[in-house]
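Engineer: Would you mind keeping the following structure in view while I ask a few things?
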């Protein structure tokens, strides 16, 4: 009956309208019609269609109907808008405005923020999800609040900066501090919901505690950040002697032209680099030296571990753990497992494996699975790491479990820290978890009120500068757990733990290379190994600046 009424309305009045898309007029004096539940505008041979149920953040201002459709800001202007809006309103998604403030709206251009519009409204609105909307008589920006948003806040300037999904960086500056604080509180609440903190299995207490810390630390007071560029050619020759002035030591990894470096593992004074079916062995004792290549080691390597004089690795099929004898230069043992293995780690002399719902010993005596701790429900374990005292395991859901004994109940469980854990490293006091575009530093404390959780990410303007999606390699500590290293694209990124704990979340350092950084790691306390697709470099951490 409602649709029939629509059709009668449009046929009777023969409505016309103007249509604008992202501020540019597309149609003038177009016929306005309704086909089913789709608004149709037609002029000559050009037709534009907008299903009412897909229109987001729909508002009316005088003769203008404004909404977001598939990322574009649409404005339909008609003198008969009152009739149209009255009829379509029952079909529109319910919109709840959480907060509304007045701001100045900027975007980043040539490394400077340029004023786009003064005195516009900013809202956090809720339909099926929470959105940021900036508008006056038109919509300037409309974006879903995502769990992986890159953002920071400056409480002194009353500003909020974020990287949009279009690789552009935006900033709003509030006029009133109370409106700024209200907006940020509601934004963090929306971010919390997107991250999975909705109670139940996700753990309300841990979640509330975590976001209290993030809310406190997200207000940026640090101005220190820098880029260093290294455009050194991948085929440039370096001297064998390394003076104090030289920043890097380098070793070509060689191998077939169609293959490239894919995995780095460091152990005391040695480093191992996987390249196709070849494993390169390097010495890192005083400077970087190539020792030898072990060839015909078949299978894509997912994880290396060193035990005695053997290099253990999990291959791409995730059902075999292979033992590569470094003296004989060949695989001397293969343990086939009757289950998929998501990761392996070394605890004292035991090789531990994990999958979607269990942790188990890879037993070389029985050539299979030894002790086994299987959970009743799936835990979706992805990555694990061990230290002298603790073991830490992350999951697809972003859960973190810290154990003293993996065959007993976890001493610490923090649920829903974010997305899938793609890397984890544990020291004596801290765990660093790597997600796709951010890291989380967690202080190991069994008392919840003593725990500290800090989210590390790049500044939104740096994300725009990179011009690609951030995808961090697994973050790692140095020997004393004072520094953290990771990489994304062509950039190596480091943080000092003391800076992070002091609230300077953006006091990171970056160094650019001429090709993609495949992996990186600390060697001992102060040296860094950087694996490029066709190269391996070692430098002092002070040269990342």
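Numbering (our numbering), first residue to last: 320 to 864.
Just so it is clear, CB atoms sit at the ideal spot from N, CA and C, and this is done for glycine as well.
Given the structure is predicted, the values throughout are model-derived calculations rather than measurements.
1. Buried or exposed: where does residue 615 fall if 16 or more other Cβ atoms within 10 Å of its Cβ makes it buried?
2. Pop quiz: residue 751 and residue 796 are said to be a contact at Cβ under 8 Å. What is the actual Cβ separation, rounded to whole angstroms?
3. Within 10 angstroms of the Cβ of residue 344, are there 16 or more other Cβ atoms? Answer buried if so, exposed if not.
4. For residue 430, which residues from the same chain have a beta carbon less than 8 Å from its beta carbon, with the 5 sequence-adjacent residues on both sides left out?
5. Out of curiosity, what's the CA-to-CA distance linking residue 894 and residue 820?
6. When you compare only the Cα positions, how much space is there between residue 470 and residue 423?
7. Rounded to the nearest angstrom, how far is the Cβ of residue 710 from that of residue 703, given a contact under 8 Å?
8. Out of 349, 350, 848, which one is the CA nearest neighbour of residue 607?
9. In or out: residue 856 buried (at least 16 other Cβ within 10 Å) or exposed?
10. Roughly how many angstroms separate the alpha carbons of residue 502 and residue 681, rounded to a whole number?
11. Applying the 10 Å Cβ sphere with the 16-neighbour rule, what's the burial state of residue 655?
12. Pick from 812, 335, 362: whose alpha carbon is nearest that of residue 861?
13. In three-state terms, what does DSSP make of residue 582?
14. Is it true that the CB of residue 852 sits closer than 9 Å to the CB of residue 834?
15. Given residue 738, which residues of its chain have a CB within under 7 Å of its CB, disregarding the five upstream and five downstream residues?
16. What does the Cβ neighbour count give for residue 646, buried or exposed, with the cut at 16 atoms within 10 Å?
17. Would you decide whether residue 873 is buried or exposed? Buried here means 16 or more other CB atoms lie within 10 Å of its CB.
18. Could you tell me which of 624, 617, 593, 623 sits nearest to residue 611, measuring between CA atoms?
19. Residue 768 to residue 734, Cα distance in whole Å?
20. If you check the beta carbons only, do residue 457 and residue 383 fall under 9 Å apart?
21. Identify every residue that forms a DSSP beta bridge with residue 418.
22. According to DSSP, is residue 509 part of a helix, a strand, or is it coil?
Structural biologist: By the coordinates alone:
1. Here residue 615 is taken as the residue at index 296 of the chain shown, counted from 1. The residue in question, residue 615, is exposed, as its Cβ has fewer than 16 Cβ neighbours within 10 Å.
2. Indexing the chain shown from 1 puts residue 751 at position 432. Indexing the chain shown from 1 puts residue 796 at position 477. Sure, about 6 Å apart at Cβ, within 8 Å.
3. Position 25 of the chain shown, counting from 1, holds the residue named residue 344. Exposed is the call here.
4. The count along the chain shown starts at 1 and reaches residue 430 at position 111. Within the same chain, residue 430 has close Cβ partners 780, 784.
5. No answer is possible for residue 894: it lies beyond the span of the chain, which begins at 320 and ends at 864.
6. Residue mapping note: residue 470 aligns to position 151 of the chain shown, counting from 1. Residue mapping note: residue 423 aligns to position 104 of the chain shown, counting from 1. Those two C-alpha atoms are separated by around 17 Å.
7. By one-based count along the chain shown, residue 710 stands at place 391. By one-based count along the chain shown, residue 703 stands at place 384. Confirmed, about 7 Å.
8. Residue numbering aside, residue 607 sits at position 288 when the chain shown is read from its first letter. Comparing Cα positions, the closest option is 848.
9. Along the chain shown, read from residue 1 onward, the residue named residue 856 stands at position 537. Buried, because 16 or more other Cβ atoms sit within 10 Å of the Cβ of residue 856.
10. As a first step, residue 502 must be located in the chain shown, where it is residue number 183. As a first step, residue 681 must be located in the chain shown, where it is residue number 362. Approximately 51 Å, taken between the alpha carbons.
11. Here the question's residue 655 lines up with position 336 in the chain shown. The residue in question, residue 655, is exposed, as its Cβ has fewer than 16 Cβ neighbours within 10 Å.
12. Taking the chain shown and counting its residues from 1, one reaches residue 861 at position 542. Nearest C-alpha to residue 861: 812.
13. For this step, residue 582 is matched to residue 263 along the chain shown. Three-state DSSP puts residue 582 in a strand.
14. Locating residue 834 in the chain shown gives position 515, counting from the first residue. Locating residue 852 in the chain shown gives position 533, counting from the first residue. Contact: yes.
15. Working through the chain shown from its first residue, we reach residue 738 at position 419. Cβ neighbours of residue 738 beyond the five flanking positions: 466, 467, 717, 754, 755.
16. Stepping through the chain shown from its first residue, residue 646 is reached at position 327. By the 10 Å Cβ count, residue 646 comes out exposed.
17. In the structure displayed, the chain extends from 320 to 864; residue 873 sits before or after that span and is not available.
18. By one-based count along the chain shown, residue 611 stands at place 292. When each option's Cα is compared against that of residue 611, the closest is 593.
19. Numbered from its first residue, the chain shown carries residue 768 at position 449. Numbered from its first residue, the chain shown carries residue 734 at position 415. Their Cα atoms are separated by approximately 16 Å.
20. As a first step, residue 457 must be located in the chain shown, where it is residue number 138. As a first step, residue 383 must be located in the chain shown, where it is residue number 64. Yes.
21. Within the chain shown, the letter at position 99 stands for residue 418. Per DSSP, 443.
22. For the purposes of this step, residue 509 is identified with residue 190 of the chain shown, where counting begins at 1. It is helical.
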